Structures are given as structure tokens and as C-alpha cells.
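Undergrad:
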Amino acid sequence: MWQHLCLAIVLLLATGVALAIEGQPWGTLLSANSSSVPLVFNTAIADLPGRPTFHSFERLPWPSDGIQLVLVLYTEVNWYGNRTYIQNTNDVLPATRVGSLAVELANNSVAAVTLFSNASFRGTMRQYLESKSVALVTEPIASVWVLQHDLALVVYTKPSFTGDRAFVFASTRNYAPLTATIQSFHVLPRRMIYGLVRDESHPGDVLVWSGSLGPYATVGRYRVGQDESNVHYSGFLAMDIPFSVAVVAYLDSNFTRPSLAYTASLYENVKIGSFRVVRQADATSWDVVNSGVRFYARFDMVLDVSAGETLESTGILTNAFTHGFDFMVVPHGVQVVGYADMGLQGSRRVFATGAYVANEFVGDEWNPAYTPLTIGSMQSFQVLPASESVPAPPPPPRHPPASCTIGLKRMSFYVGSTYPFLARGTCDNYLDIPDGVAVVAFDRPWFLGPYHVFTPGRIDLTLEISFSTLRSLQVVVVADAPPPSPQPPPHQTYMYQSLSTWYFAAFPTVQPAIVPPLDEITLSKTNFPADAMCVVYAEYNFRGTRRVVTYQNVLVGEVRVRQPVLSMQFVPRDALDTPPFAGCFVRDFGFYVEPIFIRAGEAIAALLYPWHHNIVNVTIPPEVVLTTFSHANFGGMCASWTRDTTILPEFWQGNVASLKVGAKSGCVAAIPSTSSTTAPQRTPPTTTTVVEGDHGLTDDPGTDDNDPMPALTPSTTTRRSPPPTESPMGLPTSTSLFIEMSLARSVVTTIAPRPTLTKQREKATAGPTNSPNDDDNSSRPSINPGDQPPTSIPSRWRSWWTMTILVLAGAVILVAIATHRRVPRDFPAMPSHTFDALDWGDLDMLRLATAPLPLVHRLATGASGTIYIGSFLGQPVAIKVLEAPTLGQVQAFIQEIQLAGTLASPFLVALEGAAWTDATDLQAVMEYMDLGDLRTYYMATPSFPWREKLQCAHAVAEGLFYLHSRQMIHRDVKSRNILLDSIQGTKVGDFGASKDGVYGQVTMTAAVGTYRWMAPEMLLFQGYTNAVDIYSLGVVLSELATHQLPYAEQRDKSDEAILRRVIHEELRPSFDDKCPAWFHTLAMACMAQRPDARPSASQV
């Protein structure tokens, strides 16, 4: 009761004060000529004589703090133009002329609806601070002031809330019809009005509130299946959606620019240009934004940013989004934290789920201290999951920021912050640096190239440095400023594109990327040094068609270069050279993103979005090595690249976070070789190939050490589709132990040289003397006595015999495919923690002193297990695990690990050890091979030089020699099981099919392997020896020659038909015409039909 009484008193006093303040002096304006303008409540001057400027404002004592006023100054007459709000004596007045002004209500503490008896907010005033109902209006209402959005007015044409009804949601200065029509009204919160109309409507209606008719709000009703193709979002007030219904919204008319799917709720200030009403269950099938934040701009430019990404400066996208963002759509599950300055500095705003426009009205425009932050004014932002807490705001700066302007926008640079990438033209002409602060300005992005140290004061960039080359900044206190650059930035000069757009450059300079690319360029003698030479190129990184312009050329007249200009050298005539820049290109965003170019000795410790996690291809000049890292500051996984790549491996397409460029791999320290050989330096491999044997092999005269590198055009790069047998990561579907952690598709092409074959053979001579060639082949079963029936067999039996052979061959094929790599399942399914039936042998000798390692990233999954990337002792490793294994599978896995632990060769992938807590989480931890398997490598590298192919084949032969010398057969040699590394060269992997004990009277008969690489005796289930590995090696040699799978030319034949021809017609894989004759001879010898006709590994 006391609460209601107090509220009544407050309302009475507030109304009384409102009536008493009319005519009370509130303030005085003094103009430049000392004339004054007295100000009272409702002062309104539509046309100030002479459009004066005012230099001071004096605020007078005011009778009530409950009602606040604000002076609004307009630059144009009739209350149009830019507005300035003044409330207090110390408020700053505009320096511009004032065309009109008004003193208006500015109560920001409570919601209020104010009714006036006269137009233009004059006459008797009645103010309502909360809900109120008036059944009979006794005084006319000629103008309405709606101070806040919380309250609105419901008016009726007859007393007692009858007659026609209208909703007044906005202020109206002079609305004559109100005088005669309002007979009763409600003052209600908007949401109560929405609820009132919802109760009167059908339960399935979507209610759409619009304020496009002056101060009136109207409501439209829509059912499932209906739509609206043209809604002006500036007048869109609210949307009330019932349960089980959804609204699929678009930002533009005619259902263009998809936005969000709005479900059951009340939404206010929704930005919608058109929409469809659908069932809630069908909402996700429509084209809506639901994965990341989407930005729209002019010319249909679109940018999608995922949760977790940060854009340090919207200026990074200036070349694509010249006019900034028009719309931002924040879907469910994410939020955007926008900042007023670059580097996540300055005032900020959290954008929750919804659609936002650049010219959005935010907050209370009548509060002169309020500066709205919209997507049009924010200069940096971060996208976070909606469930994640918003980071604490940056602390207040201890020093004022340095600043510059670009157009009407002011850019601030804070002490202690770094700005790795500034778009060209970020600052116009001047850089203002406060006392105690220094700015280190770099000529290139990423803090690369020469730099200039600026000290406090106003710096005229056009005199000090070409402002177009102000590409990165560091802001420090003066005491921490570095010494002057040993290479000061060059002097400014300029040239222009066509005859209109200026393009600023410097002399001397080399620019591997012209940003943005130019269609043509015109040069004149103005500021063209007499000793200069300008060389422009049609492609990035000084490639493609070039045009040379000298001072003598421009003396004659302007020189117009009518070709695309993507890179340029503007240097003295005697200094022309092709600098070795490595180029890094991002994925296709649908708009231009400046590529990164970095030269030997330089590094980028942390990439920003959109380069961060989006590098997809690189260009590498000769004698330069680019090393990529998966973490900032050169941490995490790493890989080295020595040749142009049209596509990076899938892992690296989403994980490049920092870069280094040098003369050798930056991974040497991070991933030491586990072999006994010393990791070679990044120099061209030896050109001599040492081979011995009966074939009289010599050095390959056709080896080309300088294969031309294909020019890379990022916008037109295509990727070769992987063969159907590949996993989605591009790895083999087989996942035996030694499928390496190769990250699937690395395309580094320098394969490390190995010790010569002569050296290895000398080591082998001291070892076992029993070689395959010493075996008594007469003790082995014959290949197939029935394969060549005697001619004396009657003809009627020949048809029967032929049919028998065909049926037998078909059965063999089916059985071989069905049993390929099949793990015996003669054990029952294993419950968790069952150890009794397992034979662990000496596996403890291989156990690592660690719990099972975390599985970072899955590469491939197959019938025998799954391969993951992990880390052990700070180094990347490959980890194989079994998924829900049976007891038999675990036993086979244990044996596989034990076998791998007995192998030690620089040409075989090494086992690091095993880790487990019980039988269900057993892990095989293997060394990391960063270039992937041979098949992926040759398919992605058309410029695979023959010298490197020979080194690859040599390493495979060495690996087989080691296995065979230990009386072992690999049984599954194929390109998928040959793995490459940028430091350690080529190694043979995957020993899950390997068996020992193959000499003497013991031979293998199980069909194990992949049929395209299997020897005929394996296909026929005959006894076989290690000669099957030599046959498979011959097939691999055909792959090296053709860059194709075996029998790729037999696409129109079934697998069964191909295998029949392999067995009975001696069909073999084809070879390229450019293949050296001796290489083809060696491969065919390896694939001889009779095992004893094939060379041994030592002979190869």
C-alpha cells in the first residue's frame, strides 16, 4: 500500500514539475559576435539568421532534476543536417555554422511519453513515466514525444478504449489529425502491447510490427507457406513468432542475402528485407547463416568468419571491402566482440545473435556522451562461441595513442601494441605522436624490410617516408625505441595507373606483389631517377611476361605498360636481380587477399586472420626453403617446402600459424633424424646414381636437375582428385603400423640423398651369406604344372581345361580380395581389461615411460586401426590405435609392434615405442614423416625430377635389402607404403603383412598384399619367396615413370580381367615414353613372370 502511495506521489510531482518548468530559463548561447540566445524548455528556432557560430554555452540553475533537457544544434535549417547535443556549460560547441536549434527533453533515467496540447511540443504538457490508462481525453493532443523505446501509446477514436485503434511508437512534432481523433488512450510498455495483440490473434500467426507509417506502428499477420518479398528493415519494429513456426529471413528484398532462421520468440529491431514463414522443423533446410559470422558488402562480397577467429584490423580487407561492411549476421551459438580501434583496443560492443547494419541506430541518441559502435565503425573484432565468457576489456592506456587519419576516420595506435599488417593508405598524410611515445614504421607487412623510427610530434609522412609503404607498426615508449634501421626506407617517388589513379612506389624497391594488382601502369619522367630501371611483371614474385622501362624511355614521353602488373622492381640499372622471395597464398575467399612474400633469413612469428590457418599453396624459388609451423612462435608441427606446390596437404591447409625462410629446413632442430645417417643440408642432391648388376646400368643422361617450375596462379589453381581408394585425408585406407604421420599431401620435392649403394653393399657383405640367389629353387613347388598343358591333350579336353583355369582364377581373385589383410578372428570378442588370453612377449622392452599419448588429429581410419598425429617429448609422432578391437586383433597388433621393434634401418620407418594402460588402449608410436606417401606425392607433384625419383627407388631397394638380409618378406610393397620426409628422405613402411622365416624349406602361401602390386605366384596361391617384393618394386617403378596407378590405361577392363592377363598373358604396367630405357629394362626384369628370373634386392 505504501509503495502504491509513493508511486502516486511521484507521478503527481512529476506531472506538476512538467507543468511548472514551461517558460523557466534553462541556458544561454553566446555567438561569435557576442549576441546571446536565451533558452527555455521548448525553445525551437527553425532558421537562425545568418547561420551563426557559437563559442560558449552557459547552463542556468534548473528547478528540477527529475526532468532533463538537451540543446540540439543542427547544421541546416528546419532541424535538418548533422546534430550536436549540448547539456552542460563545459560541453564543446561545434566550429561549424548552426542553421537551427531546439531545446528538448533528455531524461535518460526513466521511460516517458509526453503529450502536448500544441504542435511542435508546445502548450500544456502531460508526462507519463509508466503505464497509464485515460478513458476520456479532456484536452487536445497535437504532438507526442516518445522519449524512450520502452513505452508507447495506444490511442482510440472513442472514449473508454473503443472505436478505431492505433499504436503510436514514435514522436511526432506536428500531427494535426491527432487533435480530433484521440478520445482515450493507454500508455503501455511495448512488450505489453505486443502481448495484447498476440492474445487477439490466431495461435499460428507470425506477427510482424512495422513503423513505416510515420509515428504509427502497424501489425501484419502471416501463416506457414506465406512470405513477404519486400520489407524495409528501417521500419521493422518487432516480430512475434509462435511455437512450431520459423521465419527464414533475408537481408535484401526478393529473398537475397540469406540471414537467420528465427524460431519461437519475440524479436525486436530485426533487420529483414524479405522473409518466408515455414515450419520450425524445416528451417534448417533453407539457405541461412548457421556456422559462422557472415559479413555482406557491396558488389555481393561475402566474408564468413568462424568462431575462434580474430580480425586485428578491418583495414586488412580494404582491397575487397572498400566501403566496409553493410551487414553482419551473427547466428545462434556465436557472438562477436567489436572494438572501436585496431588490435582489439578502444571501446567495444558485444553483438549477440541477430542481423546488424552499418548505419544502425544504437542506444540513446539524446545522450551527448554516447558514441555508438556499429559494424560500420568497428576497426577490429573477435568471434567467440556464445557459451564463452567475453574477455575483460583492455586496461586504460598509460600513454595516449599515436594517431593518423584516413578520410574522416581516425586510426589510433596504442603503446605496447603491434600492428603486423596495415593496408596501403591506412594513414593519409600525417602521423601524430604524443610525448614519450615512439613509432617504429616498417616498409613491409609483418615487420619485415627497412624501418623508420618516429619520435613525438606531427610527422608529415609525405616528406619522411612514402605513406603507401607504411605497412606495419610497433608503438613503444621513447626509451625502448630501437636504433635507426641499417637500411633506411627508400625515398618516395610515384607513378600512376592509367591516367587517373595514383600508385605510389619508392626508389629503390622490389615488390613481389603489387597491391592491389594493376591492369596497366603509366610512367613519366617525374621523379624517375636517371639511373633507374623499372621492370614490371605479369605475375607475382617476378614471374611471367616482363616489361623494362628506363629513364631514356620516359624522357621521350610517358610510357604506358598495357599489361597486368603484379610485381615490380624499381632499382638502379646495375642492381637488377631476381630476389628470392617465397610466396604464400590463402584459400579462395571469393575476394582478393594480399599474398605473403618472405625472403631468406626472414620469419613471421604469428600470422593473422585471414592468413592464419588459411595458407593453401606456396611458390618457392631455387635454393630457398620455406618452413611452416602449426603454432605461433615456430612451435607445434613443422614441415619444409622446397618447390612450388599447387595445394598443401589437408592438415597444413588449416594449420599454418608461423613461417620461416632460409637456406635449409627450419625443422632440423625440431625433428631430428632417428636414423644413423646425418641429415643432409639443403643442397641439390648428388647427380651420380651408383648401380651395379647384370644390366650394366649407368647414370641417367635424361635426368633434368632444373625442371621448370610451373607458375602459380592462385585464383585458377586446381587440385587433382585422389583415387577412389584414398581416405578423405588422402591417405591409404589401409592403416597398418607404418602408415606414417605424414599429414597426407605434403609436396616437398627434395628427397634427402642416402649413402651410396656401394657402401651399403659393403656392410651387407660382412653379414649373412645366404641370399635369395643361393637358394635351391628346385626344392620349391613349381609355379603351376597345369598352366601349360602339353599339346598332345585331345582338343575336347582343352576347352574343359580352359574353363577350369578361368573358374580357378576367378575363385583365386575373389578369395584374395576377401582375405586381403584380414586379421584372424579365431579369438572371441574381448571384454575391457581382459589380459589373460594375450601373449605380451617382450613388449615391455618397447614400452614408453608415459601413459597413452593424446590423439591430436586423425589422419586415416581403416580395417586394422586408426592413425593419429600426436606429440612425444616435444616432437611430432604418428600413433596407431585399434578401435573396439577383438582379442585376436590386439594379439596381432602386439606381434606387429614386436616385429617393428626388431628393425633398425635408415630406410625403414622406425618404431619409437608402445604405450598402454590396458589392452584396449594399446598405441604404437612411430616416427613422423612429413611428406606423405609416394602415391600422393607423385600425383601432386608433376615436376618430380628424375634424379629424385632415382633416389626414391634407391632407398626402397635399400630397405628391401635390409629386410631380405634378415630373412623377412615385406609382402605389401606399394606406393602407399613408401613414405617420404623432407629431411630423412624415403623409407619403407607398413610391416603389418611382413613375415620372417622364409628361407630353406619354408615358403609363404597366404595371399597378402594389394592385387595390382602382387606377383603372379601370390595371385595363384603358390609358394613364394622374397622375390614377390622385387616384383612389387617393379610395379612401383612404373608408378614413378608415369605418375599413375598400375594398369590405369585398363580403365575399361574389370579387375578380374586384368588379373587374368597378369597371370596368363604376362600383362605388366605401362611406362611413359620419356622414361629412360635402362629404367624400363630394370622394372620389367623386376616383374619377370618366373621368380628366379627377377634380380635380388642387392642387384637392384
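FYI, the numbering for the sequence shown is -20 to -1, 1 to 1080, going by mature numbering (1 follows the signal peptide of the UniProt record, and there is no 0). Ideal Cβ placement from N, Cα and C applies to all residues, glycine included. Every value quoted in this text rests on a predicted model; they were computed, and no experiment measured them.
Measure from the alpha carbon of Glu368 to the alpha carbon of each residue in Ala338, Gln315, Ala132 and Ile386, then state which is nearest.
TA: Gln315
Undergrad: Quick check: the Cα distance between Ala637 and Asn1006, rounded to an integer number of angstroms?
TA: 46 Å
Undergrad: Do the stretch 898 to 908 and the stretch 844 to 863 meet, that is, are 3 or more Cβ pairs less than 8 Å apart?
TA: yes
Undergrad: Give me the DSSP bridge partner(s) of Lys112.
TA: Bridge partners of Lys112: Val167.
Undergrad: Using a 10 Å radius around the Cβ and a threshold of 16 neighbouring Cβ atoms, would you call Glu1029 buried or exposed?
TA: exposed
Undergrad: Do you know how far the Cα of Glu180 is from the Cα of Ala225?
TA: For the sequence presented, residue 225 should be read as Val rather than Ala. When rounded, the distance between both Cα atoms is 18 Å.
Undergrad: To the nearest angstrom, how far is the alpha carbon of Thr830 from that of Ile877?
TA: 17 Å
Undergrad: Output needed for Asn98: all residues of its chain with C-beta closer than 6 Å, excluding positions within five of it in sequence on either side, in chain order.
TA: Ala122
Undergrad: Buried or exposed for Thr294, going by 16 or more other Cβ atoms inside 10 Å?
TA: buried
Undergrad: Are the stretch 484 to 491 and the stretch 551 to 566 touching, with three or more C-beta to C-beta distances below 8 Å?
TA: yes
Undergrad: Within the continuous alpha helix (DSSP H) that includes Val72, where are the two ends?
TA: Val72 -> no alpha helix (DSSP H), and no H or E assigned at all.
Undergrad: CA-CA distance, Val433 and Ala583?
TA: 21 Å
Undergrad: Among the candidates Ser151, Val228, Val117 and Lys138, whose CA atom is the shortest distance from the CA of Glu84?
TA: Out of Ser151, Val228, Val117 and Lys138, Ser151 has the C-alpha closest to the C-alpha of Glu84.
Undergrad: How about Asn597 and Thr625: are their beta carbons less than 8 Å apart?
TA: yes
Undergrad: If the criterion is Cβ atoms closer than 8 Å, does the pair Thr298 and Ala403 meet it?
TA: yes
Undergrad: Which of the three DSSP states, helix, strand or coil, is assigned to Pro652?
TA: Interpretation of Pro652 is limited by its pLDDT of 32, a score under 50 that renders its predicted location unreliable; the figure taken from the coordinates is listed afterwards. Coil, per DSSP.
Undergrad: Just to confirm before moving on: does the CB-CB distance between Val282 and Tyr276 stay below 8 Å?
TA: yes
Undergrad: Can you tell me where the alpha helix (DSSP H) with Lys929 in it begins and where it stops?
TA: Trp926 to Ser945
Undergrad: With burial defined as no fewer than 16 other Cβ atoms inside 10 Å of the residue's Cβ, what is the status of Ala880: buried or exposed?
TA: buried
Undergrad: Would you kindly check if the distance between the Cβ of Ile355 and the Cβ of Ala338 is under 8 Å?
TA: yes
Undergrad: Which whole-angstrom value describes the C-beta separation of Gln543 and Ala512, a residue pair presumed to lie in contact below a C-beta threshold of 8 Å?
TA: Not quite, the Cβ-Cβ distance comes to about 20 Å (not below 8 Å), so this is no contact.
Undergrad: With a CB to CB cut of under 6 Å and the five nearest residues on each side skipped, what residues in its chain are close to Val539?
TA: Leu503, Val529 and Asn533
Undergrad: Taking the alpha carbon of Asn13 as the reference point, which residue from Phe34, Gln1002 and Pro139 has its own alpha carbon closest?
TA: It is Phe34 whose Cα lies nearest to the Cα of Asn13.
Undergrad: Which residues bound the beta strand (DSSP E) around Glu876?
TA: Counting along the chain, Glu876 falls outside any beta strand (DSSP E), though it belongs to the alpha helix (DSSP H) covering Leu867 to Gly881.
Undergrad: Does the stretch 310 to 324 touch the stretch 612 to 626, meaning 3 or more C-beta pairs lie closer than 8 Å?
TA: no
Undergrad: Within a Cβ cutoff of 8 Å, which residues of the same chain sit near Ser851, ignoring the five residues on either side of it in sequence?
TA: Leu833, Pro834, Val836 and Val857
Undergrad: Quick one: grab the DSSP three-state call for Gly854.
TA: coil
Undergrad: From the DSSP secondary-structure annotation, give me the bridge partner or partners of Phe275.
TA: Leu283 and Met308
Undergrad: When DSSP labels each residue in this structure, what does Leu51 get in the three-state scheme?
TA: strand
Undergrad: Where does Glu630 fall in DSSP's three states?
TA: Of the three classes helix, strand and coil, the one that applies to Glu630 here is helix, per DSSP.
Undergrad: In the DSSP assignment, the beta strand (DSSP E) including Phe37 goes from what residue to what residue?
TA: Phe34 to Arg39
Undergrad: If I'm right that Phe301 touches Val250 with Cβ under 8 Å, what's the distance once you round it to whole angstroms?
TA: Not a contact, Cβ separation roughly 24 Å.
Undergrad: Which whole-angstrom value is the C-beta distance of Leu53 and Thr64, which I expect to be below 8 Å?
TA: The Cβ separation is near 5 Å, so the contact holds.
Undergrad: I need the straight-line Cα distance from Ile958 to Val936, nearest angstrom please.
TA: 7 Å
Undergrad: What is the rounded straight-line gap between the Cα of Asp144 and the Cα of Tyr589?
TA: 57 Å
Undergrad: What number of angstroms, rounded off, separates the C-alpha of Arg451 from the C-alpha of Leu639?
TA: 18 Å
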